[in-house]
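*Asks:* Just dropping this structure here.
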Amino acid sequence: MEKPNKRILSGVQPSGDLHLGNYLGAIKNFVSLQHEYECFFCVVDLHAITVWQDPAMLAQKTREVTAAFIASGIDPDKNTLFVQSQVPQHSQLAWIFSCIARMGWLNRMTQFKDKAGKNSENVSVGLYSYPTLMAADILIYLATHVPVGEDQKQHLELTRDIAQKFNNDFKNDLFPIPEPLILGEAKRVMSLRDGTKKMSKSDPSDYSRIMLSDSKENIIQKIKKAKTDPLPLPENLEDAKKRPEAMNLLTIFAALSNTDAEKVILDYAGKDFSKFKNDLGDLASSKLSPISSEMSKLMNDKNFLDSIINSGKEKAISVADPVLKKVNEIIGFLSR
Ligand code: AMP
Ligand code: TRP
């Protein structure tokens, strides 16, 4: 079996509308990485059902994430865009990995603790074992690199531990130890209402996040209303770091304009937030509106989207199946 040395896999859940955090922390980086790596981008619907999903909405959101990939600039001919549940090899490897991973490893996962909260007796078993499925997503393609937002770093470490333990237990070197690619200025985009909380799909406040589907006016309005402190903009990076809401907006500005936060701070040092927010509103709406109108166009062409998803599935299976066969053989399962 041929072992790639520059292969990417990453996934996005179809569990709600995509927001600026998904775009800056993940999808925007996928777009630049596609030229340098062989890429597999997956809509992870099996991950989404770890919490309740309305069936009709799930199908719609699955197509929507695929449309967002394409509308953001990922070339569907050059890369493999596919839907996780259509490639059963992911689930099969996930079971095997749930026998490799240790309870102690999963007990340390902070995302589970955050998501389960006080309700840990009543959340699904899948929400707990979620990271073993994520490890399978990555390793079934022998992916060497995984672009994600910072919130996924711990899950990536677990993936590396699983790969290592499998290789050690079975005295082989099948799995690469994949590297996280946590890139860009906005590795962790924060809520517009609270600079200490991650921007997320599950925040009850609509004003906490900018959606890819928001209208121009809506984006401008949300940025105008974003929480800030009463001081003018910080004079340097050190000061900015002590002011989470200011730092978040500066980072978003930097990421959208492909520069770094230090440069943006220099441009706006000591100025009023109102001018900065006007500029940021214009910048964000000019970058996001073309994506959202392209997404709407694609969503009206279901046949096109489904043909992309279908050929992605074929390509994904052709790579994943030989790896699963090899895993089965290593473990001692009888061949199919
Ligand atoms: P999810 O929507 O949870 O499937 O996340 C898809 C991708 O977006 C993952 O790579 C996440 O790390 C990334 N992501 C989600 N929220 C944020 C955020 N607030 N800031 C940066 N990246 C994020
Ligand atoms: N767990 C990731 C998230 O919530 C999504 C995901 C699933 C993923 N499988 C993956 C990301 C594999 C990268 C690689 O954001």
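Heads up: the sequence shown is residues 10 to 345, going by the working numbering.
Just so you know, even glycine gets a beta-carbon here, dropped at the ideal spot from N, CA and C.
Opposite F49 in the DSSP bridges: which residues?
*Replies:* Translated into positions along the sequence shown, residue 49 becomes position 40. Partner residues in the beta bridge of F49, as assigned by DSSP, are L18 and T89.
*Asks:* Taking the Cβ atom as the reference point for each residue, do V198 and L42 lie within a distance shorter than 8 Å?
*Replies:* The sequence position of residue 198 within the sequence shown is 189, counting from 1. The sequence position of residue 42 within the sequence shown is 33, counting from 1. Result no, Cβ atoms of V198 and L42 do not sit closer than 8 Å.
*Asks:* Over what stretch of residues does the alpha helix (DSSP H) that includes V336 continue unbroken?
*Replies:* What you label residue 336 is simply residue 327 of the sequence shown in a count that begins at 1. Per DSSP, V336 belongs to the alpha helix (DSSP H) from K311 to I340.
*Asks:* Would V134 be called buried (16 or more neighbouring beta carbons within 10 Å of its own) or exposed?
*Replies:* On the sequence shown, residue 134 is found 125 positions in, with the first residue counted as 1. The residue in question, V134, is exposed, as its Cβ has fewer than 16 Cβ neighbours within 10 Å.
*Asks:* Taking the alpha-carbon of S316 as reference, which of F91, I105, N14 and K70 has the nearest alpha-carbon?
*Replies:* By 1-based counting over the sequence shown, the position of residue 316 is 307. The shortest C-alpha separation from S316 is found at F91.
*Asks:* What does the alpha-carbon distance come out to for the pair M118 and P23?
*Replies:* Counting from one through the sequence shown, the residue named residue 118 turns up at place 109. Counting from one through the sequence shown, the residue named residue 23 turns up at place 14. For the pair M118 and P23, the Cα-to-Cα distance works out to about 22 Å.
*Asks:* Excluding five sequence neighbours on each side, which residues of the same chain lie with their C-beta closer than 6 Å to the C-beta of I191?
*Replies:* On the sequence shown, residue 191 is found 182 positions in, with the first residue counted as 1. The beta carbon of I191 sits closer than 6 Å to the beta carbons of E159 from its chain, once the five residues preceding and following it are set aside; these are given in chain order.
*Asks:* Check the C-beta distance from L148 over to A103 and give it rounded, since I have them as a contact under 8 Å.
*Replies:* Here residue 148 is taken as the residue at index 139 of the sequence shown, counted from 1. Here residue 103 is taken as the residue at index 94 of the sequence shown, counted from 1. About 10 Å; that fails the 8 Å criterion.
*Asks:* What are the start and end residues of each continuous beta strand (DSSP E) run of 3 or more residues lying completely inside the stretch 142-224, in chain order?
*Replies:* Here the runs fully enclosed are 154-156 and 188-190.
*Asks:* Rounded to whole angstroms, what is the Cα-Cα separation between N38 and P156?
*Replies:* Stepping through the sequence shown from its first residue, residue 38 is reached at position 29. Stepping through the sequence shown from its first residue, residue 156 is reached at position 147. One C-alpha to the other measures close to 7 Å.
*Asks:* List in chain order the residues whose CB is within less than 5 Å of at least one heavy atom of ligand 1.
*Replies:* V21, Q22, G30, N31, G34, A35, V157, G158, D160, Q161, R197, V198, K207 and M208
*Asks:* Quickly, what does DSSP pair H28 with across the bridge? List them, please.
*Replies:* Your numbering for residue 28 matches position 19 in the sequence shown. The partner list for H28 (beta bridge, DSSP) reads M220.
*Asks:* Rounded C-beta distance between L167 and P140? I'm assuming under 8 Å.
*Replies:* Against the sequence shown, residue 167 aligns to sequence position 158. Against the sequence shown, residue 140 aligns to sequence position 131. With a beta-carbon spacing of about 5 Å, L167 and P140 fall inside the 8 Å limit used to define contacts.
*Asks:* Measure the alpha-carbon distance for A278 versus Q173 and round it to whole angstroms.
*Replies:* Within the sequence shown, numbered from 1, the residue matching residue 278 stands at position 269. Within the sequence shown, numbered from 1, the residue matching residue 173 stands at position 164. In a straight line, the C-alpha of A278 is about 48 Å away from that of Q173.
*Asks:* Can you tell me whether Q69 is buried or exposed, with buried defined as 16 or more other CB within 10 angstroms of its CB?
*Replies:* Indexing the sequence shown from 1 puts residue 69 at position 60. With a 10 Å radius around the Cβ and a threshold of 16 neighbouring Cβ atoms, Q69 comes out exposed.
*Asks:* Pick out whichever of G20, S19, L33 and G25 has its Cα sitting closest to the Cα of L297.
*Replies:* For the purposes of this step, residue 297 is taken as the residue at position 288 of the sequence shown. Ranking the options by Cα distance to L297, first place goes to L33.
*Asks:* According to the Cβ coordinates, are N181 and I339 closer than 8 Å?
*Replies:* As a working note, residue 181 is residue 172 in the sequence shown. As a working note, residue 339 is residue 330 in the sequence shown. Result yes, Cβ atoms of N181 and I339 sit closer than 8 Å.
*Asks:* Using the three-state DSSP reduction, which class does A110 fall into: helix, strand or coil?
*Replies:* Reading the sequence shown from its first residue, position 101 is the one you call residue 110. Coil.
*Asks:* So the candidates are N337, K335 and K322; which of them puts its Cα closest to the Cα of P97?
*Replies:* The sequence position of residue 97 within the sequence shown is 88, counting from 1. Of the candidates N337, K335 and K322, the one whose C-alpha sits nearest the C-alpha of P97 is K322.
*Asks:* Leaving out the 5 sequence neighbours to the left and right, which residues in its chain are closer than 6 Å to S217 when beta-carbon positions are compared?
*Replies:* Here the question's residue 217 lines up with position 208 in the sequence shown. Within the same chain, Cβ atoms closer than 6 Å to the Cβ of S217 are found at S200, L201 and R202, the five residues on either side in sequence being excluded.
*Asks:* Taking the C-alpha atoms as reference points, what is the distance between D223 and M10?
*Replies:* Position 214 of the sequence shown, counting from 1, holds the residue named residue 223. Position 1 of the sequence shown, counting from 1, holds the residue named residue 10. When rounded, the distance between both Cα atoms is 45 Å.
*Asks:* When you compare the CB positions of L55 and S94, do they come within less than 8 Å of one another, or not?
*Replies:* Your numbering for residue 55 matches position 46 in the sequence shown. Your numbering for residue 94 matches position 85 in the sequence shown. With contacts defined by Cβ atoms closer than 8 Å, L55 and S94 form a contacting pair.
*Asks:* Assuming the contact rule is C-beta atoms closer than 8 Å, F121 and T89 should be a hit. Round their C-beta distance to whole Å, please.
*Replies:* Translated into the one-based positions of the sequence shown, residue 121 becomes position 112. Translated into the one-based positions of the sequence shown, residue 89 becomes position 80. Contact flag wrong, Cβ pair sits at about 29 Å.
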